[in-house]
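The structure under discussion appears below in the form of structure tokens.
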Ligand SMILES: [Zn+2]
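In the UniProt record's numbering, the protein residues as written are 1 to 269.
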């Protein structure tokens, strides 16, 4: 029977998962030639660049210590860590009276939009893309448009610039993707949602005006009940641009952070 040894050194008589010749022994603090060779081999491990690394930089850390806040949105209830909310939302940061016994009441906001927000707070990701395939993939695509627009309006109320900038990037990326054409099925609804929950200088309003001016056809512009503020913005864009412009791909084109606040893209590491 071959001699056996433990995982961490010479055999002490206990059962081991390894058996075979005794390996080179290393003294602490002394690098033998064999040890150096093994290290070099490990650093040039074939295919190492393809190994998935699940670690994230500490700039993506989430503070899950301390109390939680109960958020009541429409008919649903969400529990979010106070420190996580405070870090992101200027509105909640100033709401000092909101302790663990209180609840944040947002009955007029959309449940799916808040679910999107609560997941984004912890992951920095917009988890909304429908799965490909299935008969209802188109309706899921159109539903995603509306949830994203409602999420933007939620970010406006919570004064969360990073979230708004992330959501507007998601809307632009969706429009530039293969399902971008589905926007025209709900574009009028998106205009009503965005204009109903943002201020006059909102970059999301400019995004909607650019979308229509750059890409809408006469057949996609048949709604007579669009908000007058939007029609004014669209007319103004039309007067300043004779030719249709492609939607800008500049990174911060539709971001609200301005010069005083770092872009979320620069801070996520
Ligand atoms: Zn930016």
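Heads up, the beta-carbon is just placed ideally off N, CA and C, and yes, glycines get one too.
Checklist line | Reference residue 128, options 109, 151, 225, closest by Cα | finding: Mapped onto the chain shown, residue 128 falls at position 128. Among 109, 151, 225, the Cα nearest to that of residue 128 belongs to 151.
Next item on the list: Could you name each continuous beta strand (DSSP E) segment of 3 residues or more that falls completely within the region 133-166, going from the start of the chain to the end?
Entry: none
Next item on the list: Could you tell me whether any non-hydrogen atom of ligand 1 is closer than 6 angstroms to the CB of residue 300?
Entry: The chain is shown from 1 up to 269; residue 300 falls before or after that span and cannot be answered.
Check: Mind listing, in chain order, the residues whose beta carbon lies closer than 5 angstroms to a non-hydrogen atom of ligand 1?
Finding: 252, 255, 263
Item checked: Rounded separation between residue 253 and residue 165 - CA only -> On the chain shown, position 253 is the one that residue 253 refers to. On the chain shown, position 165 is the one that residue 165 refers to. Approximately 10 angstroms, taken between the alpha carbons.
Item checked: C-alpha gap between residue 71 and residue 146, whole angstroms -> Locating residue 71 in the chain shown gives position 71, counting from the first residue. Locating residue 146 in the chain shown gives position 146, counting from the first residue. Their backbone Cα atoms lie some 21 angstroms apart in a straight line.
Notebook entry, point to check: Does residue 128 have its Cβ less than 7 angstroms from a Cβ in chain B?
Noted result: Protein chains in the displayed structure number just one, and chain B is not present.
Item checked: residue 203 - containing alpha helix (DSSP H), residue span -> The sequence position of residue 203 within the chain shown is 203, counting from 1. Unbroken alpha helix (DSSP H) run through residue 203: 203-215.
Notebook entry, point to check: Does the Cβ of residue 245 have 16 or more other Cβ atoms within 10 Å, making it buried, or fewer, making it exposed?
Noted result: As a position in the chain shown, residue 245 is number 245, starting the count at 1. Residue 245 is exposed by the Cβ-count criterion.
Note to self: Just to confirm before moving on: does the CB-CB distance between residue 256 and residue 167 stay below 7 angstroms?
What the structure shows: By one-based count along the chain shown, residue 256 stands at place 256. By one-based count along the chain shown, residue 167 stands at place 167. It is not a contact, given that the beta carbons lie outside the stated cut-off.
Item checked: Classification of residue 174 by the beta-carbon crowding that lies within 10 angstroms, buried from 16 upward -> As a working mapping, residue 174 is identified with position 174 in the chain shown. Counting Cβ neighbours within 10 Å, residue 174 comes out buried, since at least 16 surround it.
Next item on the list: Using the DSSP secondary-structure output, state which residues sit across from residue 79 in a beta bridge.
Entry: As a position in the chain shown, residue 79 is number 79, starting the count at 1. The partner list for residue 79 (beta bridge, DSSP) reads 70.
Margin query: Taking the straight line between their C-alpha atoms, what separation do you get for residue 124 and residue 225?
Written below: On the chain shown, position 124 is the one that residue 124 refers to. On the chain shown, position 225 is the one that residue 225 refers to. Distance between the alpha carbons of residue 124 and residue 225: 36 angstroms.
Notebook entry, point to check: For residue 103, which three-state DSSP category applies?
Noted result: Here residue 103 corresponds to residue number 103 of the chain shown, with the count starting at 1. Correct three-state label for residue 103: strand.
Item checked: Per-residue DSSP class, three states only, for residue 48 -> The sequence position of residue 48 within the chain shown is 48, counting from 1. Three-state result, residue 48: helix.
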